[in-house]
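Structure, rendered in structure tokens:
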């Protein structure tokens, strides 16, 4: 349990840094130049980490299903959707909506145990928890008239 | 309306991506899953780049190299995301990830680190953060 919480926290902190740094690169180039660079470097880093921790095992991929090779496209879909969402809406609204649907779909995936997830039974508690989080997102994002840095879109 | 749909699906895809990565890692391993999904994503982004050409490699010369290599962090992000989803499920993982992400971005904006436009600390942000943490506590019980 604790390791899971720690890993989720580490991922969140790094996503924050990465989004800020990516937006710095984005200022000088463009969305697709930045995305190509980020995914290329992420690939190289995963390859190196895999080789360090698992040696040759990194290349023994076991039984892959065809769709595994297309899952990377989801990341491209994320970029297309968020870039257009931010362009068409106020960034603050776009990001609030994206965060809301992130948590909403997570609850849906857990409750149905989709894609090999361990099924977490849906309870009223879970629904209330998610609703309080979503309300928190809107209080955080929409009040106080902060200017958006456009640095919070998640592209990983 | 279109903007709302784009944003909605953007968020849905982020969750789908985490869960799909976690499923793939059950068969081939975690670093392997991070490697192949980023590799195929990179290929497709590169093909799109060939058509759209929204920047050139020259433009990278003006960017601080530290900002540029941050893409490598993606490996650790995906590894951590997969591990967390397997241990505590998607809902808790994504909620905690989100709180950590918003908190650090908030601190960076207050301090104006990395040349980010400085923002003032305001009460609603603290209340919002408190509500998100309360929501996670409710989720956990």
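Protein chains in written order, with the numbering used here: chain A, 21 to 176; chain B, 204 to 344. Even for Gly, the Cβ is constructed at its ideal location relative to N, Cα and C.
CB of residue 311 of chain B within 8 angstroms of CB of residue 40 of chain A, strictly: Taking the first residue of the second chain as 1, we reach residue 311 of chain B at position 108. Taking the first residue of the first chain as 1, we reach residue 40 of chain A at position 20. The answer is yes: Cβ separation under 8 angstroms.
Cβ distance (whole Å) where residue 283 of chain B is taken to contact residue 125 of chain A below 8 angstroms: Mapped onto the second chain, residue 283 of chain B falls at position 80. Mapped onto the first chain, residue 125 of chain A falls at position 105. No, residue 283 of chain B and residue 125 of chain A are not in contact; Cβ-Cβ is about 19 angstroms, not under 8 angstroms.
Cβ-Cβ distance between residue 108 of chain A and residue 205 of chain B below 8 angstroms: Against the first chain, residue 108 of chain A aligns to sequence position 88. Against the second chain, residue 205 of chain B aligns to sequence position 2. A contact, by the Cβ cut-off of 8 angstroms.
Local Cβ density within 10 Å of residue 173 of chain A, reported as buried at 16 or more and exposed below that: Start at 1 with the first residue of the first chain, and residue 173 of chain A comes out as number 153. Residue placement at residue 173 of chain A cannot be trusted, given a pLDDT of 49 that sits under 50; the coordinates are not used to answer.
Of the residues B:234, B:318 and B:303, the one placed nearest residue 157 of chain A, counting alpha carbons only: If you number the first chain from 1, residue 157 of chain A lands on position 137. Of the candidates B:234, B:318 and B:303, the one whose C-alpha sits nearest the C-alpha of residue 157 of chain A is B:303.
Where the alpha helix (DSSP H) through residue 46 of chain A begins and ends: Looking up residue 46 of chain A in the first chain gives position 26. From DSSP, the alpha helix (DSSP H) with residue 46 of chain A extends over 22 to 48.
Segment contact flag, the region 331 to 338 of chain B with the region 279 to 297 of chain B, C-beta cutoff 8 angstroms, min 3 pairs: The region 331 to 338 of chain B is not in contact with the region 279 to 297 of chain B.
The region 72 to 82 of chain A / the region 209 to 226 of chain B touching (three or more Cβ pairs under 8 angstroms): no
C-beta neighbour in chain A for residue 327 of chain B, strict 8 angstroms: Walking along the second chain from the start, residue 327 of chain B turns up at place 124. So, interface residue.
Beta-carbon neighbours of residue 331 of chain B, restricted to chain A and to distances below 8 angstroms: For the purposes of this step, residue 331 of chain B is taken as the residue at position 128 of the second chain. Within 8 angstroms Cβ-Cβ: 156, 157, 158, 159, 160, 161 and 163.
Coil, strand or helix - residue 143 of chain A by DSSP: Residue numbering aside, residue 143 of chain A sits at position 123 when the first chain is read from its first letter. DSSP places residue 143 of chain A in coil when its eight states are reduced to three.
Within 8 angstroms, strictly: CB atoms of residue 218 of chain B and residue 38 of chain A: Here residue 218 of chain B refers to the residue found at position 15 of the second chain. Here residue 38 of chain A refers to the residue found at position 18 of the first chain. With contacts defined by Cβ atoms closer than 8 angstroms, residue 218 of chain B and residue 38 of chain A do not form a contacting pair.
Per-residue DSSP class, three states only, for residue 83 of chain A: Locating residue 83 of chain A in the first chain gives position 63, where the first residue counts as 1. Coil at residue 83 of chain A, not helix or strand.
CB contact check: residue 205 of chain B to chain A, cutoff 8 angstroms: As a first step, residue 205 of chain B must be located in the second chain, where it is residue number 2. It does; some Cβ of chain A falls within 8 angstroms.
Touching by the beta-carbon criterion (3+ pairs, under 8 angstroms), the region 134 to 153 of chain A and the region 238 to 245 of chain B: no
Residue 322 of chain B (DSSP reduced to helix, strand or coil): On the second chain, position 119 is the one that residue 322 of chain B refers to. DSSP places residue 322 of chain B in coil when its eight states are reduced to three.
Nearest candidate by alpha-carbon position, reference residue 154 of chain A, set B:318, B:307 and B:294: Sequence index remark: in the first chain, residue 154 of chain A carries index 134 (1-based). Checked all of B:318, B:307 and B:294; the closest Cα to residue 154 of chain A is B:294.
Inter-residue Cα distance where the pair is residue 110 of chain A and residue 329 of chain B: Counted from its first residue, the first chain places residue 110 of chain A at position 90. Counted from its first residue, the second chain places residue 329 of chain B at position 126. Each residue's Cα considered, the two are about 22 angstroms apart.
Neighbouring residues, chain A, relative to residue 258 of chain B (Cβ below 8 angstroms): Reading the second chain from its first residue, position 55 is the one you call residue 258 of chain B. Ordered by position in chain A, the residues that pass the 8 angstroms Cβ test against residue 258 of chain B are 48, 49, 50, 52, 53 and 54.
Boundaries of the alpha helix (DSSP H) in which residue 245 of chain B is found, first to last residue: Stepping through the second chain from its first residue, residue 245 of chain B is reached at position 42. Its alpha helix (DSSP H) spans residues 233 to 255.
Residue burial classification, residue 322 of chain B (beta-carbon count within 10 angstroms, cutoff 16): In the second chain, residue 322 of chain B corresponds to position 119, counting from 1. Label assigned to residue 322 of chain B: buried.
8 angstroms Cβ cutoff, residue 149 of chain A in contact with chain B: In the first chain, counting from the first residue as 1, residue 149 of chain A sits at position 129. Judged by the 8 angstroms Cβ criterion, residue 149 of chain A is in contact with chain B.
Any C-beta of chain B under 8 angstroms from that of residue 117 of chain A: Position 97 of the first chain, counted from the first residue, corresponds to residue 117 of chain A. It does; some Cβ of chain B falls within 8 angstroms.
When A:53, A:101, A:60 and A:131 are compared against residue 261 of chain B, the one with the closest alpha-carbon: In the second chain, counting from the first residue as 1, residue 261 of chain B sits at position 58. The shortest C-alpha separation from residue 261 of chain B is found at A:53.
Cut-off 7 angstroms between Cβ atoms - residues of its own chain near residue 208 of chain B, not counting five sequence neighbours on either side: Residue 208 of chain B sits at position 5 when you count from the first residue of the second chain. The beta carbon of residue 208 of chain B sits closer than 7 angstroms to no other beta carbon from its chain once the five residues preceding and following it are set aside.
Same chain, Cβ closer than 8 angstroms to residue 83 of chain A, neighbours up to 5 away in sequence not counted: As a first step, residue 83 of chain A is located in the first chain; it is residue number 63 there, counting from the start. No residues qualify anywhere along the chain.
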